[in-house]
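Going down the list, the sequences are from chains A and B.
Quick note: the first sequence uses this note's numbering, first residue 1, plus one each step.
Quick note: the second sequence uses this note's numbering, first residue 162, plus one each step.
In what follows, a single structure is set out as structure tokens and then discussed.
2 protein chains.
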Amino acid sequence: MDKEMPAGSLALRALDVAPRKKPSNYPEPFYSRVSGREKRQLGDAFGINNFGVNLTRLFPGGESALLHRHSKQDEFIYILEGTPTLVTDQEEVVLSPGDCAGFPAQGVAHQLVNRTEADVLYLEIGDRTKGDEGSYPKDDLMAKLGPDGQWQFTHKDGTPY
Amino acid sequence: MDKEMPAGSLALRALDVAPRKKPSNYPEPFYSRVSGREKRQLGDAFGINNFGVNLTRLFPGGESALLHRHSKQDEFIYILEGTPTLVTDQEEVVLSPGDCAGFPAQGVAHQLVNRTEADVLYLEIGDRTKGDEGSYPKDDLMAKLGPDGQWQFTHKDGTPY
């Protein structure tokens, strides 16, 4: 028998999943630069391990991340609401609902920026391949995924923040 | 400089990606049972390797797949349009746009069925962990992911179709 979907059961309304409490793992001054985003970890809510799916909101002025690329992990985004600007180290394009983009490992560096007065809502998907590294062409930052699954950030010369 | 998004460039309108030509890899009689679906392989369009992202349309009466579970791969769905029924080996729930569900490996067996008169459009995401097997509690079918990345289907006693 069909029935109304109970929250926390087989399925969830994505917006009912609580936002992640820690807005970012970046050290300052980068932490503050991504304060205009809010991530709901949808995949984790179901015990998904092999990849992450976030429902991410960018408030006006918000940035999805620093301009970055991954060494081993792929990323994919699908726009649900709003018109963010996809900024890369090659070019920029304005996206609309129903647009999508994929970022294979070692591809273009990328970030989403909300230059509008309205919220942006999008899905972001990334796998969890071990040994991944994040590189940031415009910032003095590098990231290595530790064996505990946590990102370790340093200056580009390896010194800690 | 911002500019209009060119198809085939950094980003794509998801509905502009051509549907997969082969509707299903199932042997008959199962092949025909999923003829009411259409898959656009969004991740592949960008060269994403570690996971797949499909934009899938279920026509009225369409089924996403046979009732199944994976041994190693996780799956996730996000409903964009329509009200499909999520059928599992435990219970059923009717989903709406903005609802999502995740299916960890070895979890509940699942399928989406469109029992309405309108199309259903949703995103489905799955990783590509090697050595995966699909099991089908209601059908005489089993599937093993071959080293070539192709599914090999047999009867449950191992005999070929």
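We put the beta carbon where it would ideally sit given N, CA and C, even for glycine.
Remember, predicted model here, so these are calculated numbers, not experimental data.
C-beta neighbour in chain B for residue i, strict 8 angstroms
i, result
"D2 (chain A)", "Confidence is the limiting factor: at D2 (chain A) the pLDDT is only 41, short of 50, which leaves the residue's position unreliable, though a coordinate-based value still follows. Yes, contact with chain B."
"G8 (chain A)", "Per-residue confidence for G8 (chain A) stands at a pLDDT of 48, beneath the threshold of 50, marking its modelled position as unreliable; the derived number appears in the next sentence. By this cut-off, G8 (chain A) is not an interface position."
"L15 (chain A)", "yes"
"T159 (chain A)", "no"
"E38 (chain A)", "no"
"F76 (chain A)", "yes"
Classification of residue i by the beta-carbon crowding that lies within 10 angstroms, buried from 16 upward
i, result
"Y161 (chain A)", "exposed"
"A11 (chain A)", "buried"
"H70 (chain A)", "buried"
"T217 (chain B)", "buried"
"F103 (chain A)", "buried"
"F46 (chain A)", "buried"
"L203 (chain B)", "buried"
"E28 (chain A)", "exposed"
"L15 (chain A)", "exposed"
"F76 (chain A)", "buried"
"F225 (chain B)", "The sequence given here places Ser at residue 225 (chain B); Phe does not occur at that position. It counts as buried."
Proximity of residue i and residue j at Cβ, strictly below 8 angstroms
i, j, result
"K72 (chain A)", "A101 (chain A)", "no"
"L241 (chain B)", "Q272 (chain B)", "no"
"V108 (chain A)", "V87 (chain A)", "no"
"V281 (chain B)", "G243 (chain B)", "yes"
Chain-ordered neighbours of residue i on chain A, where CB pairs are closer than 8 angstroms
i, result
"A262 (chain B)", "L10, A11, L12, F46"
"D283 (chain B)", "The question names Asp, yet the displayed sequence has Tyr at residue 283 (chain B). Neighbours of Y283 (chain B) on chain A: none; closest Cβ ~11 angstroms, over 8 angstroms."
"Q234 (chain B)", "N50"
"T249 (chain B)", "L10"
is_contact[residue i, chain A] using C-beta, thresh 8 angstroms
i, result
"D301 (chain B)", "no"
"L256 (chain B)", "yes"
"G223 (chain B)", "no"
Where residue i meets chain B, residues with beta-carbon distance less than 7 angstroms
i, result
"T83 (chain A)", "Here the premise fails: no neighbours, minimum Cβ distance about 10 angstroms."
Chain B contact residues for residue i, given Cβ-Cβ distances below 9 angstroms
i, result
"P104 (chain A)", "F207, G208, I209, N210, N211"
"G131 (chain A)", "Within 9 angstroms Cβ-Cβ: nothing; G131 (chain A) doesn't reach chain B, min ~13 angstroms."
"L42 (chain A)", "F237, Y239, C261, G263"
Proximal chain A residues relative to residue i, where beta-carbon distance stays under 7 angstroms
i, result
"D288 (chain B)", "N50, F51, D127"
"G259 (chain B)", "R13, A14, L15"
Contact between the segment 50-62 of chain A and the segment 243-258 of chain B (3+ Cβ pairs under 8 angstroms): Under the three-pair Cβ rule at 8 angstroms, the segment 50-62 of chain A does not count as touching the segment 243-258 of chain B.
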